[in-house]
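> Residue numbers (this note's numbering): 3 to 588. We put the beta carbon where it would ideally sit given N, CA and C, even for glycine.
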Amino acid sequence: MRAELTGDSVDRIDAADKRSHLYPALPPDATRLRVVALVGHVNAPTWIAETLAAIVDSDVADLVTIGAVTAPAPRHLPRLLELFLHADAWIGGVARMATARCSLPGRLPQTIFIGCRARQTEPTLELADEDLQRLAEAKPDLIVSIGLPPAGPRLAAAARLGVWTFERYAFDPLRSALWLLDPVMRGDPVTRGGLLVHLSELGDWRVLQPLRSATSQLSFSRNRANQLLRTPALLVRALRELALGRSPALHPAPQFQPPGTLAMCVFGLRFVLRGLRRQLPRLGRVESWFLAVRRGRRLDPAAPRLDEFQRVDAPPGHFWADPCALRHDGRDYVFVEDYPYATRRGLITAIELGGDLRPARTWVALETAWHLSYPCLFEWNGDIYMTVESSETQRVTLYRARRFPDQWEQVSHLLHGWNIVDPTLHFDGTRWYLFATVKESALSYDDRIWDDLFLFSAPTPLGPWRPHPNNPIVSDVRAARPAGRLFVHEGRLIRPSQDCSVEYGYAVVFNEVTELDPERYAERPIGRLEPSWDAHLKGCHTYSTSADLEVLDAKILIGQGREHARANATSTARPVSNEPMSEETS
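(1) Do you know offhand how far V338's Cα is from I558's?
(2) Assuming I451 contacts V423 under a Cβ cut-off of 8 Å, what Cβ separation, rounded to an integer in Å, is found between them?
(3) Using the rule of at least 16 other Cβ atoms within 10 Å of the residue's Cβ for burial, across every protein chain shown, is E442 buried or exposed?
(4) Determine the burial state of V578: buried for a count of at least 16 other Cβ atoms within 10 Å of its Cβ, exposed for fewer.
(5) Please classify D358: does DSSP put it in a helix, a strand, or coil?
(6) Measuring only the C-alpha atoms, how far is V192 from Q219?
(7) Identify whether S534 lies in helix, strand or coil by the three-state DSSP scheme.
(8) Assign E52 to buried or exposed, taking buried as 16 or more other Cβ atoms, counted over all protein chains shown, within 10 Å of its Cβ.
(9) Measure the CB-CB distance between A120 and L127 and report whether it falls below 8 Å.
(10) Report the three-state DSSP secondary structure of E552 (helix, strand or coil).
(11) Is T126 helix, strand or coil when you go by DSSP?
(12) To the nearest angstrom, report how far apart E525 and P107 are at their CA atoms.
(13) Look up A227 in the DSSP assignment and say whether it is helix, strand or coil.
(14) Give a yes or no on whether the C-beta atoms belonging to L417 and T439 are separated by under 8 Å.
(15) Within 10 Å of its beta-carbon, does K20 have 16 or more other beta-carbons around it, so buried, or fewer, so exposed?
(16) From S393, E381, R162, pick the residue whose C-alpha is nearest to that of T370; which is it?
(17) Does DSSP put A17 in a helix, in a strand, or in coil?
(18) Suppose you measure from the CA of Q412 to the CA of Y523; what does that come to, to the nearest Å?
(19) Quick check on Q259: buried or exposed, where buried means 16 or more other Cβ atoms within 10 Å of its Cβ?
(20) Please report how far the alpha carbon of E310 lies from the alpha carbon of D430, in whole angstroms.
(21) Tell me the DSSP secondary structure of Q135 in three-state form.
(22) Tell me the residue span of the beta strand (DSSP E) that contains Q312.
(23) Please classify I116 as buried or exposed, where buried requires at least 16 neighbouring CB atoms within 10 angstroms.
(24) Under 8 Å, with one C-beta from each stretch per pair, do the stretch 350 to 365 and the stretch 378 to 385 reach the 3-pair mark?
(25) Starting from C118, follow the beta strand (DSSP E) in both directions and report where the run begins and ends.
(26) Using only alpha-carbon positions, find the residue among L204, I93, R284, T516 that is nearest to P152.
(27) Buried or exposed: where does T167 fall if 16 or more other Cβ atoms within 10 Å of its Cβ makes it buried?
(28) Among residues of its own chain, excluding the 5 on either side of I145, which ones have a beta-carbon nearer than 6 Å to its beta-carbon?
(29) On the three-state DSSP scale, how would you describe C267?
(30) Of the residues R194, L137, F458, V553, which one's Cα is nearest the Cα of P26?
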């Protein structure tokens, strides 16, 4: 007899649970690290306070004590650069949360603070003998120094693993992480970020836990905040590697010099033109998505091309995106995120396609008080199941069809306690896998959850779900976020992913999975589907296949107000080709 869980009972079960683990627990033979922190001031930017709090809350390290050392005065910046940074910080708005001041003793009331005197600060930091002795008596495995010069040899010798020094101007809201201005000035879609740290063992600067994230093209302060607010999670990841006896991943440090007057003048002109080029086409317009479907052919993920697709539009006032195809009882269904502009809250709609690929019938499959998107359907033990994205509930819920396609019941919550997007289940014949991007940082100034792909495995879809030891398995905005179910093409397992570097949902990347088991994961990109198959497209971000049916979505801009009365947007299907769409439908 199968146990039936109502929605209320599922919620009660999860209320008693802790948040799901993103990483495996340390093995019994591993020892938590003892960490001592040195800071340039006890009133610190929020990102520093949260970084130290993350060490305290982690399961891999103990923050033994914090030593406060007077930081050296910052050097003057070129005048034009300084004016730009002030103006950009004002325009950046909520991104200032990363550098807002916070009392470290107030944030960490259980941590011991001591005052330390610097014996030498140029070119390296050394402490007075008695203070150095006090730190050594704490027997630290690692010293983390923030907002101070790199450690000298005597200070480095006080800890078994030496000293990791974050940049000396970390406490300055204007100068901190200034190296992240470089990708903004160049207009790079991708920022190569991570932890810029001076390693005393190497005597040089490196980037620990490197990652690639989307560049905030029109704001340095936002680009910087996106990186600084990732620091708590990245540092704990690096400490986890040390606790496991491994070396954290590292890359060479970027070469960056503050730009002078001429460089800032050139950048200022380019910056204004970039803003006009990016924003003018969107004035008075909103994003809309449509579906493209075809039958009888199969896209080659190594050389994806689009032809002979038919376009399927949502009813007026809606758009359809995130398609997931399923054949059931000889009929073709496509489940989608149905987004009504009036409510701005997505629901899940089921579409039955006729033989001509036109929608024959539609049903509301699932609607809640919160936003839903990204349905992922599969069959197991004779039943049909579905997961959806409901990140604002901070959980991934599994539903079972009580009556397909329009009546669903909650079965369990697979993961909870995090903002989790685009959960994608896959069965390899012996074990189940769950791919999802997760917002690990406690703080964020926006809803970007594009960079880190986490993997979990379980014996059944009901769990228990165990985190993969290589989490996050991808840290790259160009390939992390899922773009549909995994599928097999000519014997190769393919994972579709999104490239969100240019903008959200810009392109689909097809990755061949070369290793997949509970202990190992590897993939390599083999093909890329960009929105270049029509001049008016702005993106395509989900691909799904079932039997001989293929479906994907595509993004366009439409006039504001026309979302309620779009021309030719009445749930019809028409051929899609490489010929440009008319201005009427773009």
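In this structure, then:
(1) 17 Å
(2) 5 Å
(3) buried
(4) Residue placement at V578 cannot be trusted, given a pLDDT of 39 that sits under 50; what the coordinates show is reported in the next sentence. With 16 or more other Cβ atoms within 10 Å, it is buried.
(5) coil
(6) 10 Å
(7) helix
(8) buried
(9) yes
(10) strand
(11) coil
(12) 44 Å
(13) helix
(14) no
(15) exposed
(16) S393
(17) Residue confidence for A17 is low, a pLDDT of 40 falling below 50, so the modelled location carries little weight and cannot support an answer.
(18) 30 Å
(19) exposed
(20) 31 Å
(21) helix
(22) 311 to 314
(23) exposed
(24) no
(25) 114 to 118
(26) L204
(27) buried
(28) V38, A161, V165
(29) helix
(30) F458
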